[in-house]
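Participant: Residues in the sequence shown are numbered from 277 upward in steps of one, following the working numbering.
We put the beta carbon where it would ideally sit given N, CA and C, even for glycine.
Handing you a structure now.
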Amino acid sequence: METIRIADAQHHVGEKVRLNVWLRNKRGSGKMQFLQLRDGSAFMQGVVAKEEVGEEIFATAKGLKQETSMILTGTIRADDRSKFGYELDVQDIEIIGESEGYPITPKEHGTDFLFDNRHLYVRHVKPFAVLKIRDTITRAIMDFFHQDGFTRLDSPVLTGSAPEGTTELFETDYFGTPAFLAQTGQLYAEAGIFGFGKVYDFGPVFRAEKSKTRRHLTEFWMIDAEMAWMHQDQSLDVQERFIKFLLAAVLKENSYELDLLERDKDLLQSYIDADFPRVSYDDAVKLLQENDFEIKWGEDFGSPEETFLANHFAKPVFITNYPKGVKAFYMKRAEDRDDVVVSADLLAPEGYGEIIGGSERDIDFDYLQKRLEQEGLDLEEYEWYLDLRKFGSVPHSGFGLGLERMVTFVSGESHIREAIPFPRTLGRLRP
Ligand code: 4AD
Ligand code: MG
């Protein structure tokens with residue numbers, strides 16, 4: 277007899293099979309027990325009828341506790357009434373691991389409780405669906421860049437630099453010298469373009485975010501992409517194709533998971549079909565002011581502003597050319613004015629806010645040196661970076677996508693902590 281996965285049930289209708297499963301929940305009567313099962317590939321119901329299995333096996337079924345692991349023998353039956361479409365008519369039950377007092381019961385629990393028990397909560401339906409989508413996106417990221425001629429060149433996590441500013445740094449001791457956990461791999465990706473043309477990295481980065489928001493983690497995964505001989509408008513083309521590629525991959529591979537989350541698939545498809553507008557910061561500020569926001573030119577957008585803008589366009593939108601004062605030292609000055617940089621943030625609709633930050637990079641040695649000084653950064657730490665402007669410098673642009681922001685948006689979740697297996701936030705280092 278074959279041991280199958282629940283996800284493959286459709287290919288085994290009418291067959292007697294074995295399933296290695298856990299019990300999520302159960303209900304029933306003196307004659308029937310309905311077992312909610314999980315095996316890591318999908319979720320399915322098992323039906324135990326006293327008449328079919330006899331007193332002993334039925335008593336075993338009735339006594340099963342939540343999260344017991346077991347090997348079930350039974351026959352797969354197609355069933356239109358079940359959401360999954362198939363059920364198992366159980367014939368035998370072999371208990372493998374008992375379970376007693378499992379804390380996450382079928383009743384409602386608060387979020388803090390669920391995340392205090394994240395090591396158990398990852399078994400449940402919502403985490404399953406969201407983290408499967410994350411898995412698809414991580415694979416699609418590599419596929420996209422590979423197809424597009426990029427080379428993956430990973431950046432270090434332990435560094436001496438603080439490219440995104442010094443306020444959100446995690447400092448650690450490196451054999452007596454202070455070191456920082458990387459905020460972004462970008463500066464290393466910039467070094468990479470001179471050997472490989474187009475590169476990306478993909479790994480964990482760290483920001484000591486003191487704010488408690490729905491969008492911030494202290495440890496998250498970032499994709500930095502960097503492209504030689506490329507101006508910002510071409511980089512935006514790449515970014516738009518990239519996001520659409522990731523959306524398409526999830527629609528193709530995670531129909532089941534999107535249904536579990538009740539995510540509107542047509543809405544996701546509409547983002548693929550749309551052209552992402554490119555709106556200047558100047559125009560965005562005007563639009564906000566016309567709509568009673570109290571923002572002044574030069575200020576960064578907070579989440580209310582980002583939410584308004586993305587909802588206004590109802591699709592992902594690039595906000596371009598931000599004021600120099602709110603952006604990082606490496607961004608290229610605009611040709612015709614000194615107060616803005618050639619940058620763009622991609623804002624996701626439905627209130628998800630910024631998912632990509634990027635820019636063209638300034639390539640003028642003296643200007644960058646001055647900007648580093650203005651930002652109070654230690655020049656010695658950036659000597660190697662400035663070297664890149666000395667030996668065959670070229671126009672280049674790049675961007676960074678926050679993986680968990682993307683996963684949260686695609687899944688339709690309200691909080692970014694759902695999008696990573698074991699979230700790290702201001703108040704959470706465990707489990
Ligand atoms: O906009 P950021 O800070 O850009 C950079 O770090 C650039 N060096 C990237 C580059 O050009 N290569 O961060 C990039 C993205 C944001 O758009 C957001 O999606 C995500 O990283 N991000 C966070 N995600 C979760 N928690 C946080 N605290 C985040 N901070 C940024
Ligand atoms: Mg940003």
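Just reading off the beta strand (DSSP E) that S635 is part of, what are its end residues?
Facilitator: G629 to E636 is the extent of the beta strand (DSSP E) around S635.
Participant: Is G633 a contact residue of ligand 2, with contact defined as CB to any heavy atom under 7 angstroms?
Facilitator: Correct: G633 has its Cβ closer than 7 angstroms to ligand 2.
Participant: Measuring CB to CB, does D477 end up less than 8 angstroms from D500?
Facilitator: Yes, these two residues count as a Cβ contact at 8 angstroms.
Participant: To the nearest angstrom, how far is it from the Cα of A405 to the Cα of G471?
Facilitator: Roughly 39 angstroms separates the two Cα atoms.
Participant: Whose C-alpha, out of N296, G304 and A524, is nearest the C-alpha of G316?
Facilitator: Closest by alpha carbon: N296.
Participant: Between V593, K341, P671 and P480, which lies nearest to G461 when the distance is taken from Cα to Cα?
Facilitator: For G461, the nearest C-alpha among the options comes from P480.
Participant: Can you tell me whether P480 sits near ligand 1, meaning its C-beta is under 7 angstroms from at least one heavy atom of the ligand?
Facilitator: P480: no, Cβ never under 7 angstroms from ligand 1.
Participant: Given the structure, does E630 come close to ligand 2, in the sense that its CB is under 7 angstroms from one of the ligand's heavy atoms?
Facilitator: Answer for E630: yes, Cβ within range of ligand 2.
Participant: Using alpha carbons as the reference points, say which of R700, S619 and A525 lies closest to R554.
Facilitator: It is S619 whose Cα lies nearest to the Cα of R554.
Participant: Please report how far the alpha carbon of G601 lies from the alpha carbon of D513, in whole angstroms.
Facilitator: Rounded to whole angstroms, G601 to D513 spans 26 angstroms at the Cα level.
Participant: Out of L677, P599 and D663, which has the shortest C-alpha to C-alpha gap to K572?
Facilitator: Nearest of L677, P599 and D663 to K572, Cα basis: P599.
Participant: List the endpoints of the continuous alpha helix (DSSP H) containing E529.
Facilitator: Where E529 is concerned, the enclosing alpha helix (DSSP H) stretches over Q508 to E529.
Participant: Give the C-beta separation of G436 and I352 to the nearest angstrom, bearing in mind that I take them to be a contact with Cβ-Cβ under 8 angstroms.
Facilitator: Going by Cβ atoms, the distance from G436 to I352 rounds to 59 angstroms, so no, they are not a contact pair.
Participant: Any idea which residues DSSP pairs K292 with across the strands?
Facilitator: T351.
Participant: Whole angstroms are fine: how far does the CA of G676 sit from the CA of I519?
Facilitator: Each residue's alpha carbon lies about 12 angstroms from the other.
Participant: What beta strand (DSSP E) runs, 3 residues minimum, are completely inside the stretch 643 to 669?
Facilitator: Qualifying beta strand (DSSP E) stretches: none in this window.
Participant: How would you label L434, buried or exposed, when you count the other beta carbons within 10 angstroms and need 16 or more for buried?
Facilitator: Result: exposed.
Participant: Where does L623 sit, in a helix, a strand or coil, going by DSSP?
Facilitator: Strand at L623.
Participant: Please name the residue or residues paired with V324 in a DSSP beta bridge.
Facilitator: In DSSP, V324 forms a bridge with Q309.
Participant: W298 and S345 look like a contact to me (Cβ under 8 angstroms); what is the Cβ gap, rounded to whole Å?
Facilitator: At roughly 5 angstroms, the Cβ-Cβ gap stays under 8 angstroms, so W298 and S345 are in contact.
Participant: Per the contact definition of three or more C-beta pairs closer than 8 angstroms, is the stretch 682 to 689 in contact with the stretch 624 to 631?
Facilitator: Touching, yes, given that three or more Cβ pairs across the two stretches are closer than 8 angstroms.
Participant: In angstroms with no decimal places, state the Cα-to-Cα distance between A524 and S487.
Facilitator: Whole-angstrom Cα-Cα distance: 33 angstroms.
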